[in-house]
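Last residue of the sequence shown: number 488 in the numbering used here, and the count goes up by one each step with no gaps. Backbone N, C-alpha and C fix where the C-beta goes; we use that ideal spot for every residue, glycine too.
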Amino acid sequence: MAEQVSFHPEREFDEALGLLHDETLAPPDLGGREPAYPDFPTAEHQLRYARLTRLLEAYDLDALVLTQEETIRYLSGYVSVIWAVGRWLPGCMIATRDPRDAVLIPSAFDVGAAHGTSWVGTIDGHPDPMAIPDKVSGHLERLGLRAGRIGMETGAGAVVMLPWPAAQALVKAVDPVDATKLISTLRMVKTPAEVDRLRAAVTATTAGYRAAMEAARAGMTERELVGIAAATMFGSGITAGTKPVYLNCVAGRDRYGLVDTTASDRPLAEGDVVFLDGGGARDGYISDIIRLIAIGRISDEAERYAAIAGAALDAAIATIRPGVRVSEVFGAGQAVFDAEGVGGSGGGLSGHGIGLELWERPFVRDHTGDPVEDVALRPGMTLSIEPILMPSDDAGLVGVFVFENQIHVTADGAEVLSGDLETRLWRAPA
Numbered sequence: 059m060a061e062q063v064s065f066h067p068e069r070e071f072d073e074a075l076g077l078l079h080d081e082t083l084a085p086p087d088l089g090g091r092e093p094a095y096p097d098f099p100t101a102e103h104q105l106r107y108a109r110l111t112r113l114l115e116a117y118d119l120d121a122l123v124l125t126q127e128e129t130i131r132y133l134s135g136y137v138s139v140i141w142a143v144g145r146w147l148p149g150c151m152i153a154t155r156d157p158r159d160a161v162l163i164p165s166a167f168d169v170g171a172a173h174g175t176s177w178v179g180t181i182d183g184h185p186d187p188m189a190i191p192d193k194v195s196g197h198l199e200r201l202g203l204r205a206g207r208i209g210m211e212t213g214a215g216a217v218v219m220l221p222w223p224a225a226q227a228l229v230k231a232v233d234p235v236d237a238t239k240l241i242s243t244l245r246m247v248k249t250p251a252e253v254d255r256l257r258a259a260v261t262a263t264t265a266g267y268r269a270a271m272e273a274a275r276a277g278m279t280e281r282e283l284v285g286i287a288a289a290t291m292f293g294s295g296i297t298a299g300t301k302p303v304y305l306n307c308v309a310g311r312d313r314y315g316l317v318d319t320t321a322s323d324r325p326l327a328e329g330d331v332v333f334l335d336g337g338g339a340r341d342g343y344i345s346d347i348i349r350l351i352a353i354g355r356i357s358d359e360a361e362r363y364a365a366i367a368g369a370a371l372d373a374a375i376a377t378i379r380p381g382v383r384v385s386e387v388f389g390a391g392q393a394v395f396d397a398e399g400v401g402g403s404g405g406g407l408s409g410h411g412i413g414l415e416l417w418e419r420p421f422v423r424d425h426t427g428d429p430v431e432d433v434a435l436r437p438g439m440t441l442s443i444e445p446i447l448m449p450s451d452d453a454g455l456v457g458v459f460v461f462e463n464q465i466h467v468t469a470d471g472a473e474v475l476s477g478d479l480e481t482r483l484w485r486a487p488a
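Now the structure itself:
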C-alpha cells in the first residue's frame with residue numbers, strides 16, 4: 059500500500075499529478091461484472107480506478123461520496139439522461155479504495171440504466187433523495203468505514219447535487235473532508251481514450267462552424283447561423299445526452315455587450331464582426347472553440363483587433379509544452395496585447411481545462427497570489443485557449459475579438475484539435 063503524502067501547499071496539484079504514473083499503477087480487480095453497454099472498455103476503468111486509489115492513499119481518505127454526474131460517470135461508467143432531472147432524481151456513488159467495494163446509488167427509476175452501463179457490483183436504487191443519507195451510512199457501516207475519512211465535492215467548482223435537506227443530512231452523517239482538489243487532479247490528465255472522444259467532438263464542431271461560416275451572409279439572422287452550425291455538428295458526430303449543443307452568437311455593437319447570450323433574430327449586417335462561441339459533446343466529452351465572421355467590409359479598426367486576437371492565440375499556443383505553467387501561457391497572449399497597447403485579457407482569463415465539463419482545472423490566467431492553481435502542463439491535459447480582447451470606446455464595446463482553439467498537450471508540445479478550421483477572420487458577403 060502506498061503512503062499518505064504531505065503536499066506543499068503551493069504545489070499540491072503538481073505533486074499530486076506526479077503520483078499518477080500509469081505504467082506503475084497495477085490494474086485493479088473491478089469485481090468481474092461486465093455491463094451490456096459499457097461507456098468504455100474494462101481496461102479504461104481499471105486505469106481510472108488505479109489513479110483514484112493512489113490519490114485516496116496519498117490524501118489519507120478511505121472513500122469518496124460523490125453526487126455529481128461527471129465524476130460518477132468517470133469512475134463508474136454509469137450513463138443516463140436521467141441526470142438531466144438530477145435535482146429531482148439524483149444519484150450517488152461511494153468510491154472506496156478497493157473497487158470491489160464500490161456502491162452506486164441511482165434513483166429507483168434508473169436502476170436498469172445503472173446495471174446496463176456501469177461495472178460497479180453493488181447497485182442500490184433509492185426511492186427518494188431523502189433516503190440517500192441513510193443508504194450511504196448503511197453501506198459505510200457494512201464496509202467498516204463508518205468512522206473512516208470520507209471525501210466529498212464541497213470546494214470551489216463543485217456542488218453536492220442533492221436537495222438541501224438531504225445534503226445537510228448526508229454531510230452530518232459522513233462528516234466529510236473536501237476532496238475537490240483530489241477529483242480535479244484525477245480528471246485533469248486525460249487518458250488516450252478520453253482524448254479520442256474529445257478529438258471527435260472537436261472535429262464535429264469544426265465541421266459545424268465551417269458550414270455556418272460558408273453560409274453566412276447579410277440578412278441571415280444569428281439564430282439561422284447557429285441552426286446551421288448545430289445541425290451540421292449533430293450530423294458530424296456530436297451525440298445527444300445530458301450535455302447540450304451550446305452556441306452563443308452576437309453580431310453588431312448593439313449585441314457585443316451580451317457576449318455570452320444565445321442567438322437572436324437580429325439580422326447580420328454589413329460591418330458586423332460575428333462572434334460564434336461554443337460546441338457540443340461526443341459521448342459526454344465537450345468541445346469549445348470560437349471563430350469570427352466579417353460581414354462584408356468591416357472597419358480598419360476591427361480588422362486590426364481581429365489580427366491582434368489571432369496573434370495572441372498563436373503566441374499562447376506556441377508556449378504550450380510539458381512543464382510550462384498555465385500563467386506562462388496566459389502571459390504569452392497578454393504580451394501581444396501589451397505590445398499593441400490594447401489592454402488586458404477580458405476577465406483576466408485566457409483559457410481553461412476541458413473534458414466531461416466545459417470548465418475544468420487548470421485555468422489559464424495570472425495566478426499571482428494563488429500559486430497552487432498555477433499548474434505545470436503535462437501530457438494528456440486538454441485545454442481551450444482563448445485570449446480575450448474586448449476594446450471599448452465612448453460608445454461602448456467595439457467588439458468581442460477572440461479566437462479559441464482546443465488543445466491536447468503532447469509529450470513535446472501541443473496538438474491543436476481544432477486545427478482543421480483556420481484561425482482567421484472569415485469573410486462573408488454583404
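Residue environment, A94, which counts as buried when at least 16 other CB atoms sit within 10 Å: Answer is exposed; the Cβ neighbour count stays below 16.
Inter-residue Cα distance where the pair is M518 and L77: A question about residue 518 goes unanswered here, because the residues of the chain that appear run from 59 up to 488.
DSSP beta-bridge partners of I465: BP columns for I465 point to L441, V474.
Inter-residue spacing [alpha-carbon to alpha-carbon] between Y132 and K248: Straight across, the Cα-Cα distance linking Y132 with K248 is about 11 Å.
Inter-residue spacing [alpha-carbon to alpha-carbon] between D168 and G179: Distance between the alpha carbons of D168 and G179: 16 Å.
Environment of W141 [buried if 16+ CB atoms lie within 10 Å]: Classification of W141: buried, given that the 10 Å Cβ count is 16 or more.
Where H79 falls, given that 16 or more other Cβ within 10 Å makes a residue buried: Counting of Cβ neighbours within 10 angstroms places H79 among the exposed residues, the total staying below 16.
Alpha-carbon to alpha-carbon, G405 and P302: Distance between the alpha carbons of P302 and G405 is about 25 Å.
Limits of the unbroken alpha helix (DSSP H) element including G174: Where G174 is concerned, the enclosing alpha helix (DSSP H) stretches over 169–175.
Heavy atom of the ligand COA within 8 Å of E102 beta-carbon: With respect to the ligand COA, the structure offers nothing, as it holds no ligand at all.
Local Cβ density within 10 Å of D428, reported as buried at 16 or more and exposed below that: D428 should be labelled exposed.
Chain-order list of residues whose beta-carbon lies under 8 Å from that of A472 (same chain, five-residue window excluded): For A472, where only same-chain residues beyond five positions count, the Cβ hits under 8 Å are I375, I378, R379, I465, H466.
Pairwise C-alpha distance: R419 and V217: Just so you know, the alpha carbons of V217 and R419 end up roughly 15 Å apart.
Whole-angstrom C-beta distance between F71 and V430, which should lie under 8 Å: With a Cβ gap of about 6 Å, V430 and F71 count as contacting.
Secondary structure of D118, DSSP reduced to three states: The answer is coil: DSSP assigns D118 none of H, G, I, E or B.
Sub-9 Å separation of G46 and G329 beta-carbons: Shown here, the chain extends from 59 to 488; a query on residue 46 therefore has no answer.
Span of the beta strand (DSSP E) around S408: 407–411 is the span of the beta strand (DSSP E), which, as asked, contains S408.
Beta-bridge partners of I348, as assigned by DSSP: BP columns for I348 point to D335, E462.
Coil, strand or helix - R324 by DSSP: The answer is coil: DSSP assigns R324 none of H, G, I, E or B.
Environment of T264 [buried if 16+ CB atoms lie within 10 Å]: That one is buried.
Presumed contact (8 Å Cβ cut-off) between G389 and F395, rounded CB distance: That pair is no contact at about 11 Å.
Start-to-end residues for the beta strand (DSSP E) that takes in F71: Per DSSP, F71 belongs to no beta strand (DSSP E); it is in the alpha helix (DSSP H), 70–75.
Buried or exposed by the 16-neighbour rule on C-beta atoms within 10 Å, applied to R109: By the beta-carbon neighbour count (other beta carbons within 10 angstroms, threshold 16), R109 is buried.
Between the CA atoms of D254 and L122 - distance to the nearest angstrom: For L122 and D254, the distance between alpha carbons rounds to 28 Å.
Residue nearest to V458 in terms of C-alpha spacing, selected from A327, G315, D323: Per the Cα distances, G315.
Beta-carbon proximity of T297 to A339, cut-off 9 Å: Taking 9 Å as the Cβ cut-off, T297 and A339 qualify as a contacting pair.
Distance between E73 and H66 (C-alpha atoms, nearest Å): Their backbone Cα atoms lie some 8 Å apart in a straight line.
Sequence-distant residues of its chain with Cβ nearer than 6 Å to T111 (five each side left out): Answer for T111: R155, listed in chain order.
As assigned by DSSP and simplified to three states, the class of H184: Strand.
Cutoff 6 Å; reference A469; Cβ partners in own chain excluding five residues on either side: Hits under 6 Å: P437.
Beta bridge counterpart(s) of T279 as assigned by DSSP: For T279, which the question treats as bridged, DSSP gives the partners P325.
The stretch 333–348 / the stretch 257–273 touching (three or more Cβ pairs under 8 Å): Contact between the stretch 333–348 and the stretch 257–273 is present: three or more C-beta pairs spanning the two stretches fall below 8 Å.
Contact between the stretch 311–327 and the stretch 275–294 (3+ Cβ pairs under 8 Å): Yes, since at least three Cβ pairs between the stretch 311–327 and the stretch 275–294 fall closer than 8 Å, the two stretches touch.
C-beta atoms of T238 and L75 nearer than 9 Å: No, the Cβ-Cβ distance between T238 and L75 is not below 9 Å.
Three-state class that DSSP yields for P420 in the structure shown: The three-state reading of DSSP puts P420 in strand, counting E and B together.
Selection from D341, A214, N306, L334 that minimises the alpha carbon distance to F292: Measuring from the Cα of F292, the nearest candidate turns out to be D341.
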